[in-house]
Amino acid sequence: MPESIPADSVGLVTTHRHHFDLPLTLDCGRALAQYDLVFETYGELNAGRSNAILICHALSGDHHAAGFHSMDDRKPGWWDSAIGPGKPIDTNRFFVVSLNNLGGCKGSSGPNTVNPETGKLWGPDFPIVTVRDWVNSQARLADTLGIRQWAAVIGGSLGGMQVMQWAIDYPERLRHAVVIAAAPNLTAQNIAFNEVVRQALRSDPDFHDGRYADFGVVPAQGLKIARMLGHITYLSDDAMRKKFGRELREGKISFGFDVEFQVESYLRYQGESFVERFDANTYLLMTKALDYFDPAAECDGDLSAALAGVQAKFLVVSFTSDWRFSPERSREIVKALLDGDKTVSYAEVEAHHGHDAFLIPIPHYFDVFRSYMENVACEVG
Amino acid sequence: MRELRPDLAIISEWIEPGSRVLDLGCGDGKLLDHLSRERDVDGYGLEIDPDNIVSCIQRGVSVIQSDLDAGLSDYFDDNSFDYVVMTQTIQAVHYPSRMLSEMLRVGREGIVTFPNFGHWSSRLQLALGGHMPQSRALPNEWYDTPNIHLCTLKDFEALCHRLEIDILQRNVVDTAHRSNIGMKLLPNLLGEIALYRFRRG
């Protein structure tokens with residue numbers, strides 16, 4: 007719990023909910039007749055409605071990106087390091103919108119909400135949603151908020167994929183696209199990791215084909231293993247060595263299978279806390295959205311052609327030790343933008359933190375981010 | 003107009019308004035900033051130093067963080083630019099000849115500037131002093147320097163000849179970037195900094 011709210015925090019925030027009645031047709035061919043989106047906003051929308059920023063969250067993220075819900079909160083929102091007064095996304099200058107995507111488990115329509123047509127939980131029957139579906143739903147949220155054009159759409163990882171999709175599908179509705187630690191599509195290795203995650207969830211005896219809620223259980227083992235795998239791959243070898251080394255919890259080995267090394271303890275803790283806060287069906291949907299994202303596929307694999315119509319100016323950022331969304335993949339995005347003579351800057355940040363680096367206030371990363379956003383603020387002032 | 007380093011001022015005179023420019027080793031982005039304001043030039047900079055990346059972004063210059071020694075093929079197709087500029091950098095790359103060829107692959111014309119190792123003071127220091135030269139243009143010690151491929155005007159022109167590159171314009175100046183009649187007569191002896199504009203032969 008924060009003793010007091012830090013001066014550079016957006017402070018106590020509340021979650022809003024909007025109900026949409028207009029059916030949303032999805033990539034999978036199904037439609038959501040009605041749905042809810044929950045979101046938070048930080049800062050003030052200016053009179054010209056030109057200073058709005060959309061934050062797109064990654065796999066396990068949600069709408070609570072900054073500030074605290076109550077003085078009892080242990081931690082602030084997931085991207086509090088970047089959003090707040092005087093921070094790179096400066097809430098003194100921008101109006102920031104952050105939502106929970108469809109299929110999520112934090113309040114927006116998803117597997118753990120009630121299907122209005124049946125009166126029962128959606129569970130595994132919630133349709134598989136894609137990055138494009140999310141962007142379409144986000145555009146409708148923008149409409150309801152009276153935002154015709156975002157000053158910038160910003161996201162890391164899976165969030166960065168949404169930013170790219172925005173620039174492709176709604177070229178006139180964003181001035182800037184900030185794509186951090188992302189990729190134009192997943193590599194086979196990345197899809198493979200996601201498949202292990204899915205197998206871990208689906209083979210848990212408590213999974214019950216996704217209807218675990220009907221049985222009053224959660225596939226805790228599956229969630230734990232899925233999260234442990236995620237954590238290993240989001241860090242780098244170097245970061246893990248620096249953080250844990252071969253340190254033992256009890257100072258000596260005990261020739262057993264209980265937790266011995268610190269890294270095991272860390273992973274178990276991360277896995278267990280994830281069970282409390284996340285939903286298995288949502289996790290499955292998120293991994294599918296990641297796997298399916300491939301805007302170049304519609305242009306015979308030509309990413310330059312897929313990005314030919316974008317109008318937004320781009321900032322692309324990658325991190326040297328990120329092996330799940332490596333700098334090479336960000337360079338592909340940059341190359342495709344250069345092919346189309348688009349305005350783009352690219353920073354390849356030296357960092358040992360692996361993929362997680364995008365959430366960490368690394369000085370060079372934040373200097374780049376802040377400088378870029380200051381120019382955006384001046385432009386839309 | 004803001005104060006511009008004099009060699010950059012000379013280069014900017016060489017560049018036709020409205021053209022597309024790639025600046026290799028663009029530093030803090032002053033040249034591209036100037037070119038875009040004063041000459042309606044559109045372009046990108048390549049730079050490796052993190053602080054310079056931040057300076058470029060502050061100026062609103064489009065910059066790609068990249069190591070020049072990794073080449074340009076990751077990013078640029080043939081004939082993408084009117085000019086490819088490289089100021090005070092060719093002596094610091096691993097393969098200057100490859101770099102010149104790359105410049106003329108992606109650009110119609112190339113512009114380079116470099117410290118002239120044939121300047122009389124360098125010659126004197128080596129001939130009479132018996133040690134590696136140091137000067138205002140080359141302040142580093144031999145053991146701690148990014149400048150690994152120093153050359154003279156003669157050397158550079160010989161390389162251009164070998165690579166079938168046509169030199170279109172040459173200018174030599176001192177470190178204050180002034181020129182005088184002596185430098186025009188004996189450029190390889192009296193010029194401290196050389197500026198060249200060239201294209202495929």
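Protein chains in written order, with the working numbering: chain A, 7 to 387; chain B, 3 to 203.
C-beta atoms are modelled at their ideal positions from N, C-alpha and C, and glycine is treated no differently.
- Across the set Phe325/A, Ala303/A, Arg255/A, Lys230/A, the C-alpha of Lys230/A shows the shortest separation from the C-alpha of Arg274/A.
- Listed in chain order, the beta strand (DSSP E) elements of length 3 or more contained wholly in the region 61-136 of chain A are 101-105.
- The C-alpha of Pro130/A is placed about 7 Å away from the C-alpha of Arg217/A.
- Across the structure, Asp244/A and Val202/A are spaced so that their CA atoms are roughly 23 Å apart.
- For Ser64/B, the nearest CB of chain A lies under 8 Å from its own CB, placing it at the interface with that chain.
- The DSSP assignment places complete alpha helix (DSSP H) segments of no fewer than 4 residues inside the region 160-195 of chain A at 164-175, in order along the chain.
- Judged by DSSP in its simplified three-state form, Asp27/A adopts coil rather than helix or strand.
- Annotation note: the region 87-133 of chain B contains the following uninterrupted alpha helix (DSSP H) runs of length 4 or greater, listed N- to C-terminal: 98-108, 122-126.
- In its chain, beyond the 5 residues on either side, Ser87 have a beta carbon closer than 6 Å to the beta carbon of Pro367/A.
- Taking Cys58/B as the centre and dropping the five residues before and after it, the same chain places the C-beta of Cys28, Asp30, Gly31, Gly47, Glu49, Val65 closer than 7 Å to its C-beta, in chain order.
- The count of Cβ pairs closer than 8 Å, one atom from the region 96-114 of chain A and one from the region 147-165 of chain A, reaches three, so the stretches are in contact.
- Of all C-beta pairs linking the region 186-197 of chain A to the region 288-307 of chain A, three or more are shorter than 8 Å, placing the two stretches in contact.
- Short of 6 Å from the beta carbon of Val137/A, and not among the five residues preceding or following it, lie these beta carbons of its own chain, in chain order: Met167, Gln168, Gln171, Ala295, Phe299.
- Arg255/A is a Cβ neighbour of Val265/A, given a cutoff of 8 Å.
- In this chain, the alpha helix (DSSP H) harbouring Gln276/A covers 268-283.
- When C-beta atoms of the region 178-185 of chain A are compared with those of the region 78-86 of chain A, fewer than three pairs fall below 8 Å, so the two segments do not count as touching.
- When 7 Å is used as the limit between beta carbons, Arg337/A is near these residues of chain B: Asp76, in chain order.
- Annotated as proximal: Leu197/B and Thr115/B, with beta-carbon spacing under 8 Å.
- DSSP places Thr47/A within a strand segment (E or B) once states are collapsed to three.
- For the C-beta of Ser87/A, not a single chain B residue is nearer than 9 Å; the gap to the nearest is close to 18 Å.
- According to DSSP, Ala58/A shares a beta bridge with Phe101/A.
- In chain order, Tyr352, Ala353, Glu354 make up the part of chain A whose C-beta sits under 8 Å from the C-beta of Gln67/B.
- Asn381/A belongs to the set of residues whose beta carbon lies under 8 Å from a beta carbon in chain B.
- Taking a C-beta distance under 8 Å as the contact criterion, Ile17/B and Leu37/B qualify as a contact pair.
- Interface residue (Cβ-Cβ distance to chain B less than 8 Å): Thr193/A is not classified as such.
- Linking Glu354/A to Thr326/A through their CA atoms gives a straight-line distance of about 7 Å.
- Within the region 168-200 of chain B, the runs of alpha helix (DSSP H) that reach at least 4 residues and sit entirely inside it are, in chain order, 183-187, 189-192.
- By a beta-carbon distance limit of 8 Å, Tyr48/A contacts Ala72/A. Their separation comes to about 6 Å.
- Within chain B, the residues whose beta carbon sits less than 7 Å from that of Thr349/A are Ser64, listed in sequence order.
- The continuous alpha helix (DSSP H) containing Leu290/A extends over residues 286-298.
- Using a CB distance cut-off of 8 Å, Ile55/B counts as an interface residue toward chain A.
- Cβ contact annotation for Ile174/A (same chain, cutoff 8 Å, sequence separation greater than five): Pro301, Ala312, Leu313, Gly315, Val316, in chain order.
- Per the DSSP secondary-structure output, Ser14/B pairs with nothing in a beta bridge.
- When 8 Å is used as the limit between beta carbons, Ser104/A is near no residue of chain B, the shortest such separation being about 24 Å.
- In the three-state reduction of the DSSP assignment, Ala37/A falls in the strand class.
- When the Cα atoms are used, Ser21/B and Val86/B turn out to be separated by approximately 11 Å.
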